[in-house]
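What follows is a short report on a single structure.
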Amino acid sequence: MASENTELLQQAKVEIIRVQIERFHQSYAPYFQREDTRPMVEYFFDRIYSLENNQEWRRLALGTFQNVKNLVKEETRNNIEHLIELNELTESLDLALARLLVEQGYGAGQTIAVDRYRTLYLAAGQAVTRRRHLELVIQNMQSFYELAHRPINALLIKPARFMSRMLGIYPLFATVEEGYYAVLPVSRELFDSFLTEVRTKEWEYLNSAFPEPQP
Numbered sequence: 014m015a016s017e018n019t020e021l022l023q024q025a026k027v028e029i030i031r032v033q034i035e036r037f038h039q040s041y042a043p044y045f046q047r048e049d050t051r052p053m054v055e056y057f058f059d060r061i062y063s064l065e066n067n068q069e070w071r072r073l074a075l076g077t078f079q080n081v082k083n084l085v086k087e088e089t090r091n092n093i094e095h096l097i098e099l100n101e102l103t104e105s106l107d108l109a110l111a112r113l114l115v116e117q118g119y120g121a122g123q124t125i126a127v128d129r130y131r132t133l134y135l136a137a138g139q140a141v142t143r144r145r146h147l148e149l150v151i152q153n154m155q156s157f158y159e160l161a162h163r164p165i166n167a168l169l170i171k172p173a174r175f176m177s178r179m180l181g182i183y184p185l186f187a188t189v190e191e192g193y194y195a196v197l198p199v200s201r202e203l204f205d206s207f208l209t210e211v212r213t214k215e216w217e218y219l220n221s222a223f224p225e226p227q228p
């Protein structure tokens with residue numbers, strides 16, 4: 014592919030990410046407006062979704078971390094590994110949508126509407142991958158909440174931060190730490206209500222596009 018087309022594909026992918034974040038802001042608007050939940054939803058729907066364009070984060074995730082992960086505390090390692098898998102699936106799915114968008118005549122600097130994103134989502138298919146992706150999204154939300162609300166972790170986070178610096182993977186740990194503090198102010202009752210709403214809305218969004226075959 015010519016370099017200008019590679020650049021256009023990257024711009025299309027950035028637009029795919031942007032319009033997905035717009036959809037999340039529409040779907041979960043009350044949580045973005047509440048002071049106690051805004052950091053949490055900004056982390057889950059803005060921060061994590063834009064990691065795939067952070068090349069340094071990806072380099073560490075796919076390189077350095079694999080060499081030192083056995084030296085990292087198990088809980089932290091699991092959180093990072095889940096984030097990496099989620100990031101890789103997100104990258105793959107968004108790239109497929111971006112290619113489709115370019116094939117349909119996307120021009121540099123154009124923005125698309127949420128309804129147009131839905132059309133691309135339907136056309137690209139990949140139902141099995143999307144189901145795994147959604148499972149990971151929900152699993153990550155749950156695991157970050159549990160991480161933040163296990164009292165012992167308040168004592169362990171500083172030593173874990175120090176260790177991650179020594180191992181050269183601090184940007185990965187920083188993403189976990191950011192999630193820790195983002196969900197810390199949210200009560201169990203409120204988080205459970207939020208997670209139930211996400212699970213319901215996102216599975217409905219997916220299954221309405223790709224109904225599971227009936228036995």
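Be aware that the sequence shown starts at 14, since it is given in this note's numbering, and climbs by one per residue.
Backbone N, C-alpha and C fix where the C-beta goes; we use that ideal spot for every residue, glycine too.
Only a predicted model underlies this, so the values are computations on that prediction, with no experimental measurement involved.
What's the C-alpha gap between residue i and residue j?
{"i": "residue 204", "j": "residue 158", "result": "8 angstroms"}
{"i": "residue 25", "j": "residue 123", "result": "9 angstroms"}
{"i": "residue 227", "j": "residue 221", "result": "Residue placement at residue 227 is poorly supported in this model, since its pLDDT is 49, which falls under 50; the coordinates still yield a value, given next. Approximately 14 angstroms between the Cα atoms of the pair."}
{"i": "residue 168", "j": "residue 161", "result": "In this predicted model, residue 168 has a pLDDT of only 49, less than 50, meaning its place in the structure is not dependable enough to derive any value."}
{"i": "residue 41", "j": "residue 120", "result": "30 angstroms"}
{"i": "residue 95", "j": "residue 156", "result": "9 angstroms"}
{"i": "residue 18", "j": "residue 102", "result": "23 angstroms"}
{"i": "residue 218", "j": "residue 33", "result": "13 angstroms"}
{"i": "residue 213", "j": "residue 207", "result": "10 angstroms"}
{"i": "residue 152", "j": "residue 192", "result": "13 angstroms"}
{"i": "residue 143", "j": "residue 211", "result": "15 angstroms"}
{"i": "residue 53", "j": "residue 110", "result": "27 angstroms"}
{"i": "residue 118", "j": "residue 154", "result": "36 angstroms"}
{"i": "residue 224", "j": "residue 141", "result": "11 angstroms"}
{"i": "residue 58", "j": "residue 112", "result": "23 angstroms"}
{"i": "residue 28", "j": "residue 209", "result": "28 angstroms"}
{"i": "residue 201", "j": "residue 49", "result": "12 angstroms"}
{"i": "residue 51", "j": "residue 131", "result": "25 angstroms"}
{"i": "residue 93", "j": "residue 190", "result": "10 angstroms"}
{"i": "residue 39", "j": "residue 127", "result": "10 angstroms"}
{"i": "residue 125", "j": "residue 197", "result": "35 angstroms"}
{"i": "residue 147", "j": "residue 129", "result": "20 angstroms"}
Going by Cα to Cα distance, which pick from the options is closest to residue i?
{"i": "residue 47", "options": "211, 199 and 210", "result": "199"}
{"i": "residue 44", "options": "62, 222 and 195", "result": "195"}
{"i": "residue 100", "options": "30, 160 and 224", "result": "30"}
{"i": "residue 188", "options": "61, 210, 224 and 21", "result": "61"}
{"i": "residue 98", "options": "120, 149 and 209", "result": "149"}
{"i": "residue 145", "options": "35, 39, 57 and 216", "result": "216"}
{"i": "residue 114", "options": "190, 91 and 22", "result": "22"}
{"i": "residue 91", "options": "225, 201 and 186", "result": "186"}
{"i": "residue 36", "options": "49, 197, 55 and 50", "result": "55"}
{"i": "residue 116", "options": "133, 126 and 127", "result": "133"}
Taking CB distances under 8 angstroms as the criterion, tell me whether residue i reaches chain C.
{"i": "residue 152", "result": "In the structure shown, chain C does not exist; there is a single protein chain."}
**Asked** With a cut-off of 8 angstroms, do at least 3 Cβ pairs link the stretch 134–154 to the stretch 100–109?
**Response** yes
**Asked** What residue ranges within the stretch 84–159 form continuous alpha helix (DSSP H) runs of no fewer than 4 residues, ordered along the chain?
**Response** 87–116 and 127–137
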